[in-house]
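J.:
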Amino acid sequence: MQTNIFKAALFDLDGTLFDTEPQYTIFWGRTARRYRPDVPNLEYAIKGTTLTQIFANYFPDPQVQAEITEALNDWEGTMRYEFVPGALDFLHDIKAHGVKCAVVTSSNMVKMKSVARQIPEFHSLFDRILTAEDFTASKPAPDCYLLGARVFDADIQECVVFEDAFTGLQAGMSSGIMTVGLTTGLTAEQIKDKCHHIIPDFTGVNYDSIAALLSDHWKQ
Numbered sequence: 002m003q004t005n006i007f008k009a010a011l012f013d014l015d016g017t018l019f020d021t022e023p024q025y026t027i028f029w030g031r032t033a034r035r036y037r038p039d040v041p042n043l044e045y046a047i048k049g050t051t052l053t054q055i056f057a058n059y060f061p062d063p064q065v066q067a068e069i070t071e072a073l074n075d076w077e078g079t080m081r082y083e084f085v086p087g088a089l090d091f092l093h094d095i096k097a098h099g100v101k102c103a104v105v106t107s108s109n110m111v112k113m114k115s116v117a118r119q120i121p122e123f124h125s126l127f128d129r130i131l132t133a134e135d136f137t138a139s140k141p142a143p144d145c146y147l148l149g150a151r152v153f154d155a156d157i158q159e160c161v162v163f164e165d166a167f168t169g170l171q172a173g174m175s176s177g178i179m180t181v182g183l184t185t186g187l188t189a190e191q192i193k194d195k196c197h198h199i200i201p202d203f204t205g206v207n208y209d210s211i212a213a214l215l216s217d218h219w220k221q
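Numbering (my numbering), first residue to last: 2 to 221.
#1: Can you tell me the Cα-Cα spacing of TYR45 and ASP128, whole angstroms?
#2: In whole angstroms, give me the CA-to-CA distance for LEU170 and ALA10.
#3: Would you give the residue range spanned by the alpha helix (DSSP H) that LYS48 belongs to?
#4: Tell me whether MET174 sits in a helix, a strand or coil according to DSSP, three-state version.
#5: Going by DSSP in three states, CYS196 sits in which element: helix, strand or coil?
#6: Taking the alpha-carbon of ASP217 as reference, which of CYS102, GLU159, THR204 has the nearest alpha-carbon?
#7: Do the CB positions of MET110 and THR137 come within less than 8 Å of each other?
#8: Ignore the nearest five residues each way along the sequence and tell me which others in LEU43's own chain have a CB closer than 7 Å to its CB.
#9: Give the straight-line distance between the Cα atoms of PHE7 and ILE211, rounded to the nearest whole angstrom.
#10: Using CA atoms only, rank isn't needed, just tell me which of ALA142, THR180, ASP165, GLU83 is closest to ALA117.
#11: Do THR53 and SER139 have their C-beta atoms closer together than 8 Å?
#12: Please name the residue in MET179, ASP13, ASP156 whose C-alpha comes closest to that of LEU215.
#13: Are CYS196 and ALA172 closer than 8 Å when you measure CB to CB?
#14: Taking 8 Å as the limit between beta carbons, can you name the residues of its chain near ILE157, skipping five residues before and five after?
#15: For GLY186, which residues of its own chain have a beta-carbon under 6 Å away from its beta-carbon, when the five flanking residues on both sides are left out?
#16: Nearest by alpha-carbon distance to ILE47: which of THR168, ASN74, SER115 is it?
#17: Output the distance between the C-alpha atoms of THR188 and ILE199, rounded to the nearest integer angstrom.
#18: With distance defined between alpha-carbon atoms, name the residue in THR50, LEU14, VAL65, VAL105 nearest to VAL85.
#19: Determine the burial state of GLN221: buried for a count of at least 16 other Cβ atoms within 10 Å of its Cβ, exposed for fewer.
#20: Compare the beta carbon distance of ALA103 and PHE12 with 8 Å and say whether it is the shorter of the two.
See the structure below:
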């Protein structure tokens with residue numbers, strides 16, 4: 002009998018672990034008004050996409066990209082990184098049950114250094130932190146989550162992906178890993194067919210509840 006089917010938890014960062022999306026909306030709203038006033042509501046259109054995709058779709062000028070990157074690094078250096086409700090308790094609970102935990106994010110190391118300055122214990126909560134520098138194909142490609150499984154020598158049946166954005170949910174689903182969607186930025190209606198299970202946040206979620214979902218998922 003398999004006793005520890007839930008071996009690895011793979012977390013997106015912004016909108017999944019951290020409630021940072023409103024701050025990014027402010028940044029990209031200001032950026033859009035400066036560089037792309039011809040694109041209304043750009044700050045909402047880019048939700049769930051990577052910086053590479055944003056640049057390719059809206060800011061192809063290399064000089065503009067350099068200016069935005071510098072401004073974004075400065076912005077992220079002063080952002081407030083506050084955990085999504087229940088996330089910290091959930092992390093402590095699953096780690097106590099021996100689950101390996103990884104951040105799998107399209108953010109870069111500059112951003113992660115900003116996080117560490119504000120939350121010194123952040124890195125100790127995770128066994129691995131995988132950033133944009135660790136994979137060439139960004140979400141929605143599944144590469145990042147497949148890498149997350151590999152670093153823990155885990156089968157995809159032993160892993161769970163936690164995501165909140167369209168591209169990340171697609172990456173999780175394409176990897177074959179059971180994918181749990183959070184409605185921290187999108188509604189349940191918007192993601193109902195883009196993940197296996199939906200939770201509003203991590204309040205009341207624990208090892209037992211996720212292990213049960215995982216077990217049921219692979220019995221189907």
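Glycine included, each C-beta is placed from N, C-alpha and C at the ideal position.
T.: Here's the rundown:
#1: 33 Å
#2: 14 Å
#3: Run containing LYS48: none; DSSP gives neither H nor E here.
#4: helix
#5: coil
#6: GLU159
#7: no
#8: TRP29, ALA33, ARG37, TYR59
#9: 8 Å
#10: GLU83
#11: yes
#12: MET179
#13: no
#14: LEU147, ALA150, SER176, GLY177, ILE178
#15: GLY16, GLU22, ASP165
#16: THR168
#17: 10 Å
#18: LEU14
#19: exposed
#20: yes
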